[in-house]
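> For reference, the structure I am asking about is given below.
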Amino acid sequence: MTRLQKTLGRLVKAPENFLSKEDAKAPAEMRRKFLAASAATAGAALATAASAASNPVTGQGDPNILTLPDHTKGLGMPVAANGYGVPSQYEKGLQRRESPGLTRVSAASVAFTPLQGTFGMITPSGLHFERHHQGWWDIDPSKHRLMINGLVKNPKVYTMDDLMRLPSVSRIHFIECGANTAMEWGNVAVPTVQYTHGMVSCSEFTGVPLSVLLEDAGYDKKNGKYVLGEGADGSSMTRTIAIDRALDDVIVAYGMNGEMLRPENGYPLRLVVPGIQGVSWVKWLRRIEVGDQKWATKDEAVHYIDLMPDGSHRQYSGMQEAKSVITSPSGGQLLLDKGFYNITGLAWSGRGRIKRVDVSVDGGKNWRTARIEGPVLTKAFTRFNIDWVWDGAPAILQSRCIDETGYVQPTVQQLRAVRGTRSIYHNNMIQSWKVAETGEVSNVQVS
Ligand code: MTE
Numbered sequence: 068m069t070r071l072q073k074t075l076g077r078l079v080k081a082p083e084n085f086l087s088k089e090d091a092k093a094p095a096e097m098r099r100k101f102l103a104a105s106a107a108t109a110g111a112a113l114a115t116a117a118s119a120a121s122n123p124v125t126g127q128g129d130p131n132i133l134t135l136p137d138h139t140k141g142l143g144m145p146v147a148a149n150g151y152g153v154p155s156q157y158e159k160g161l162q163r164r165e166s167p168g169l170t171r172v173s174a175a176s177v178a179f180t181p182l183q184g185t186f187g188m189i190t191p192s193g194l195h196f197e198r199h200h201q202g203w204w205d206i207d208p209s210k211h212r213l214m215i216n217g218l219v220k221n222p223k224v225y226t227m228d229d230l231m232r233l234p235s236v237s238r239i240h241f242i243e244c245g246a247n248t249a250m251e252w253g254n255v256a257v258p259t260v261q262y263t264h265g266m267v268s269c270s271e272f273t274g275v276p277l278s279v280l281l282e283d284a285g286y287d288k289k290n291g292k293y294v295l296g297e298g299a300d301g302s303s304m305t306r307t308i309a310i311d312r313a314l315d316d317v318i319v320a321y322g323m324n325g326e327m328l329r330p331e332n333g334y335p336l337r338l339v340v341p342g343i344q345g346v347s348w349v350k351w352l353r354r355i356e357v358g359d360q361k362w363a364t365k366d367e368a369v370h371y372i373d374l375m376p377d378g379s380h381r382q383y384s385g386m387q388e389a390k391s392v393i394t395s396p397s398g399g400q401l402l403l404d405k406g407f408y409n410i411t412g413l414a415w416s417g418r419g420r421i422k423r424v425d426v427s428v429d430g431g432k433n434w435r436t437a438r439i440e441g442p443v444l445t446k447a448f449t450r451f452n453i454d455w456v457w458d459g460a461p462a463i464l465q466s467r468c469i470d471e472t473g474y475v476q477p478t479v480q481q482l483r484a485v486r487g488t489r490s491i492y493h494n495n496m497i498q499s500w501k502v503a504e505t506g507e508v509s510n511v512q513v514s
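Start counting at 1 in the sequence shown, then tack on 67, and there's your number in this note's numbering.
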């Protein structure tokens with residue numbers, strides 16, 4: 068037995084149905100209920116484990132080893148039992164979830180990615196967060212068209228077949244809604260990392276570089292300064308993108324993680340605007356217009372603007388600055404033992420690659436540099452890990468990332484000093500998780 072095994076700490080996952088409508092209003096009460104419930108379950112589990120297995124490493128006395136299970140003796144399921152594979156029945160609890168009470172109707176809402184339960188840098192397509200302004204549609208690709216018009220010599224209309232015959236690229240990028248972590252500007256508001264940070268996901272996107280289509284349409288190189296992306300849903304989602312960015316790394320994408328886009332994520336066509344807030348990643352994309360000035364549409368003049376402390380608003384601030392979060396241990400989880408824990412989390416930056424992630428277990432007094440798990444890609448999730456032995460004393464876990472431009476993720480005080488407390492968008496503050504003596508992990512903000 069290695070030292071590591073002797074001291075391996077056990078962790079109880081956050082209850083997956085964390086937020087009922089009532090709970091959303093009273094996080095403190097919810098935590099109290101949760102602790103009482105999980106203490107009872109943990110006690111029962113420990114009692115069973117103790118009587119069943121005296122030595123978990125050699126397996127002596129463990130019926131899970133001594134009694135041959137059916138799956139070792141019988142014939143398993145045939146191939147293609149699931150024509151399109153689905154997760155194990157034992158993983159049912161891991162789901163993207165709506166935060167109750169966030170919006171009045173679910174068609175104009177968010178379902179958050181369960182960051183606490185995903186590994187590596189890719190978000191499984193079925194767990195990719197969803198944000199719709201007027202519901203999602205499963206659009207017939209044979210009827211879907213993409214028009215390129217405005218300041219172009221040859222206005223174009225493409226079918227999906229046309230687009231899929233053009234030169235394509237596949238790139239891994241994160242997408243983060245500008246409103247991610249929005250609830251935490253003034254105070255601690257939600258209990259788990261799914262709800263504090265789950266409006267971000269990372270996938271491999273496949274499609275045609277927008278530059279190829281703009282060239283094909285003969286865009287006006289002198290006067291064409293911006294493009295407008297327009298969606299085919301009822302929200303009339305329209306966003307201005309500067310032509311330099313449009314020609315740089317923007318993709319008109321039909322693929323996600325090796326398959327066609329999921330309907331919730333814009334099937335059959337969406338914009339991928341790496342590093343820029345999710346609202347510019349127009350889904351169900353039907354039109355690109357080239358113009359000589361910004362359009363100031365409702366989704367860029369009234370919504371998705373930053374309220375500053377002096378009452379003014381900042382427009383066109385789409386960049387998603389460097390941000391990181393520890394996904395485990397994280398809010399709602401419970402540490403059962405003193406001992407070894409792998410602290411793991413994610414870091415990303417709209418400006419490029421992540422250079423370093425530091426982790427503190429004492430609320431920011433001391434920092435250690437985490438192990439970065441490669442590959443480290445530009446404008447993509449970067450997974451980090453670091454060893455930690457919990458001695459049973461209260462601790463405050465934080466991560467702080469630095470990107471390749473040298474930008475350092477700010478503390479909550481640094482961010483508030485510039486942006487105030489009443490903003491909604493672009494909250495990239497350092498997240499703190501408090502581990503209490505009881506092992507309960509909760510969302511806190513430290514000064
Ligand atoms: N595009 C259209 N047509 N309609 C929308 O409601 N929502 C935007 C953007 N594109 C939206 C849209 C917002 S606010 C975000 S954050 C992202 O899509 C979310 O993308 P996802 O649902 O694939 O995660």
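Yeah, the Cβ is synthetic: ideal placement off N, Cα and C, and Gly gets one too. Since we're looking at a predicted model, the values are computed, not measured.
(1) Rounded to whole angstroms, what is the Cα-Cα separation between G253 and P376?
(2) What does a CB cutoff of less than 8 angstroms around L78 pick up in its chain, not counting 5 residues either side in sequence?
(3) Do T436 and G419 count as a contact pair if the criterion is CB distance below 8 angstroms?
(4) Check for me: the alpha helix (DSSP H) holding A284 runs from which residue to which?
(5) Kindly list the residues whose CB is nearer than 6 angstroms to the CB of E356, restricted to its own chain and excluding five residues on each side of it in sequence; keep chain order.
(6) Given a cut-off of 8 angstroms, decide if A389 and Y474 are closer than it, judged by their beta-carbon atoms.
(7) Leaving out the 5 sequence neighbours to the left and right, which residues in its chain are closer than 6 angstroms to G322 when beta-carbon positions are compared?
(8) With hydrogens ignored, establish whether the beta-carbon of S552 is closer than 7 angstroms to any heavy atom of the ligand MTE.
(9) Distance, Cα to Cα, S499 vs H138?
(10) Measuring from the CB of M386, is there a heavy atom of the ligand MTE at a distance below 7 angstroms?
(11) If distances are taken between C-alpha atoms only, which option among F451, W457, D315 and V479 comes closest to E507?
(12) Suppose the cutoff is 7 angstroms on Cβ atoms and the five residues either side in sequence are ignored; what does the same chain contact list for R198 look like?
(13) Around the C-beta of D311, are 16 or more other C-beta atoms found within 10 angstroms, so that it is buried, or is it exposed?
(14) What is the residue span of the beta strand (DSSP E) that I372 lies within?
(15) Nearer than 7 angstroms: is that true of the beta carbon of R198 relative to any heavy atom of the ligand MTE?
(16) Confirm the yes/no value for this check: CB of C269, any heavy atom of the ligand MTE, distance under 7 angstroms.
(17) Helix, strand or coil for M68, going by three-state DSSP, please let me know.
(18) Would you mind sorting N268 into buried or exposed? The rule is 16 or more other CB atoms within 10 Å of its CB.
(19) When you measure from the CB of W348 to every non-hydrogen atom of the ligand MTE, does any distance come out below 7 angstroms?
(20) Would you mind stating whether L413 and S427 have Cβ atoms separated by less than 8 angstroms?
(21) With burial defined as no fewer than 16 other Cβ atoms inside 10 Å of the residue's Cβ, what is the status of W348: buried or exposed?
(22) Assuming G406 and V513 make a contact with CB atoms under 8 angstroms, what is their CB distance in whole Å?
(23) Can the beta-carbon of F241 be found less than 8 angstroms from the beta-carbon of A447?
On the basis of the data shown:
(1) Locating residue 253 in the sequence shown gives position 186, counting from the first residue. Locating residue 376 in the sequence shown gives position 309, counting from the first residue. Each residue's alpha carbon lies about 12 angstroms from the other.
(2) In the sequence shown, counting from the first residue as 1, residue 78 sits at position 11. Answer for L78: S395, P396, Q400, L401, L402, L403 and Y408, listed in chain order.
(3) As a working note, residue 419 is residue 352 in the sequence shown. As a working note, residue 436 is residue 369 in the sequence shown. It is not a contact, given that the beta carbons lie outside the stated cut-off.
(4) In the sequence shown, residue 284 corresponds to position 217, counting from 1. For A284, the enclosing alpha helix (DSSP H) starts and ends at L277 to A284.
(5) Against the sequence shown, residue 356 aligns to sequence position 289. Annotation for E356: N216, G217 and L295 place their beta carbon closer than 6 angstroms to its own, counting only its chain and skipping 5 residues before and after.
(6) Numbered from its first residue, the sequence shown carries residue 474 at position 407. Numbered from its first residue, the sequence shown carries residue 389 at position 322. Yes, these two residues count as a Cβ contact at 8 angstroms.
(7) Position 255 of the sequence shown, counted from the start, is the residue given in the question as residue 322. Cβ neighbours of G322 beyond the five flanking positions: T273.
(8) A query on residue 552 cannot be resolved here, the shown segment of the chain reaching from 68 to 514 and no further.
(9) Start at 1 with the first residue of the sequence shown, and residue 499 comes out as number 432. Start at 1 with the first residue of the sequence shown, and residue 138 comes out as number 71. Within the model, the alpha-carbon separation for S499 versus H138 is close to 43 angstroms.
(10) On the sequence shown, residue 386 is found 319 positions in, with the first residue counted as 1. With a cutoff of 7 angstroms, M386 does not count as near the ligand MTE, since its C-beta is closer than that to no heavy atom of the ligand.
(11) For the purposes of this step, residue 507 is taken as residue 440 along the sequence shown, with counting starting at 1. Comparing Cα positions, the closest option is W457.
(12) The sequence position of residue 198 within the sequence shown is 131, counting from 1. So the list reads V177, C244, M266 and G345, once near-sequence residues are dropped.
(13) To locate residue 311, count along the sequence shown from 1; it is residue 244. Under this definition D311 is an exposed residue.
(14) To locate residue 372, count along the sequence shown from 1; it is residue 305. Run containing I372: none; DSSP gives neither H nor E here.
(15) Taking the first residue of the sequence shown as 1, we reach residue 198 at position 131. Under cutoff, so the answer is yes.
(16) As a first step, residue 269 must be located in the sequence shown, where it is residue number 202. Incorrect: C269 has no Cβ contact closer than 7 angstroms to the ligand MTE.
(17) Sequence index remark: in the sequence shown, residue 68 carries index 1 (1-based). Bear in mind that a pLDDT of 43 at M68, under 50, signals an unreliable position, so the number given afterwards is only what the model happens to contain. Three-state result, M68: coil.
(18) Position 201 of the sequence shown holds residue 268. For the sequence presented, residue 268 should be read as Ser rather than Asn. The residue in question, S268, is buried, as its Cβ has 16 or more Cβ neighbours within 10 Å.
(19) Numbered from its first residue, the sequence shown carries residue 348 at position 281. Result yes, Cβ under 7 angstroms from the ligand MTE.
(20) For the purposes of this step, residue 413 is taken as the residue at position 346 of the sequence shown. For the purposes of this step, residue 427 is taken as the residue at position 360 of the sequence shown. Not in contact: L413 and S427 (Cβ atoms no closer than 8 angstroms).
(21) The residue you call residue 348 lines up with position 281 of the sequence shown. Buried, since its Cβ has 16 or more Cβ neighbours within 10 Å.
(22) Numbered from 1 along the sequence shown, position 339 holds the residue referred to as residue 406. Numbered from 1 along the sequence shown, position 446 holds the residue referred to as residue 513. Actually they are not in contact, since the Cβ atoms of G406 and V513 sit about 25 angstroms apart, beyond 8 angstroms.
(23) Numbered from its first residue, the sequence shown carries residue 241 at position 174. Numbered from its first residue, the sequence shown carries residue 447 at position 380. Yes, they are a contact pair.
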